[in-house]
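Enquirer: Please read through the structure below; I'll follow up with questions.
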Amino acid sequence: MPIIWESKLDTGIDVIDHQHRRIVDYINDLEIAKTKGDKAMVTDVIEQLIDYTQSHFGFEESMMEEAGYKFIKPHKKVHELFIKRVTEFTIRAAKGEDIADELHSMLAKWLINHIASEDRDYSPTVKLMVGQGAAAPEQAVAVPAARPGFISGLLGRFFR
Ligand SMILES: [Fe+2]
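Every position in the sequence shown, counted from 1, becomes a number in our numbering once 456 is added.
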C-alpha cells in the first residue's frame, strides 16, 4: 500500500513539507520497485532515498539551529540513530541479503512517525524564522527575526 500524504504530516513550513513529500515519494517508489522485482531499481531507489534523506536532515538541522530551537540536540541524535540503522541495512545488502521488504517497512513506519511527531514539534519555532508564522507570546523574545532569504542559501548548500 502506498503512503498517502495526510495533513498530520504537514509541518506548515513549505520548504520542509516539500522535502518530506519527496521522501514519501521515494518510499513509494521503493515499494513499486519491490513489487516489480526489479533489483536494479530497488538498489537505485534505496541509494537516492538515503542520499536525499541525509541532505534533508542536514537542511532541517540548520534550520532548527538558525531558529534557536530548544530541542535540536535530541533531534539531531534521532537523525543520527536513523542513519546508523539505515547504514546497517546497506551493509547487509552489500553482502547480498535481500533487505528491501524490511527496509521498506522500517522507513514507512519510522520516517512517517518522525515527520508526524518530532518534526511537527520544531514547526512553530522554525516558522517564525522563515517568516511563515505568528509568534506565540513565550517565543517572541527568544526567536530571532524572520529571515526568509536564509532558505535559498541553505538549499544550495544541501541539494544540488
Ligand atoms: Fe527530523
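Virtual Cβ for every residue (Gly too), placed ideally from N, Cα, C.
What separation, rounded to the nearest whole angstrom, lies between the Cα atoms of L486 and H531?
Expert: Within the sequence shown, the letter at position 30 stands for residue 486. Within the sequence shown, the letter at position 75 stands for residue 531. Roughly 26 angstroms separates the two Cα atoms.
Enquirer: Among I502, E553 and F606, which one has its Cα closest to the Cα of M520?
Expert: For the purposes of this step, residue 520 is taken as the residue at position 64 of the sequence shown. That would be F606, whose Cα lies nearest to the Cα of M520.
Enquirer: Alpha carbon to alpha carbon, what distance is there between Q588 and N569?
Expert: Translated into positions along the sequence shown, residue 569 becomes position 113. Translated into positions along the sequence shown, residue 588 becomes position 132. Cα-Cα distance, rounded: 24 angstroms.
Enquirer: For L465, collect the residues of the same chain with a Cβ closer than 6 angstroms to its Cβ; drop the 5 residues on either side in sequence, then sort them by chain order.
Expert: By one-based count along the sequence shown, residue 465 stands at place 9. Within the same chain, L465 has close Cβ partners I571 and A572.
Enquirer: Among residues of its own chain, excluding the 5 on either side of F513, which ones have a beta-carbon nearer than 6 angstroms to its beta-carbon?
Expert: Locating residue 513 in the sequence shown gives position 57, counting from the first residue. Around F513: H535.
Enquirer: Would I469 and V586 be called neighbours here (beta carbons separated by less than 9 angstroms)?
Expert: What you label residue 469 is simply residue 13 of the sequence shown in a count that begins at 1. What you label residue 586 is simply residue 130 of the sequence shown in a count that begins at 1. Yes, these two residues count as a Cβ contact at 9 angstroms.
Enquirer: Could you give the DSSP three-state label for K526: helix, strand or coil?
Expert: Within the sequence shown, residue 526 is the residue found at index 70, counting from 1. Coil, per DSSP.
Enquirer: Could you give the distance in angstroms between the alpha-carbon of I506 and the alpha-carbon of V542?
Expert: Counted from its first residue, the sequence shown places residue 506 at position 50. Counted from its first residue, the sequence shown places residue 542 at position 86. Cα to Cα, I506 sits roughly 8 angstroms from V542.
Enquirer: Can you tell me whether H618 is buried or exposed, with buried defined as 16 or more other CB within 10 angstroms of its CB?
Expert: No answer is possible for residue 618: the residues shown for the chain start at 457 and end at 616.
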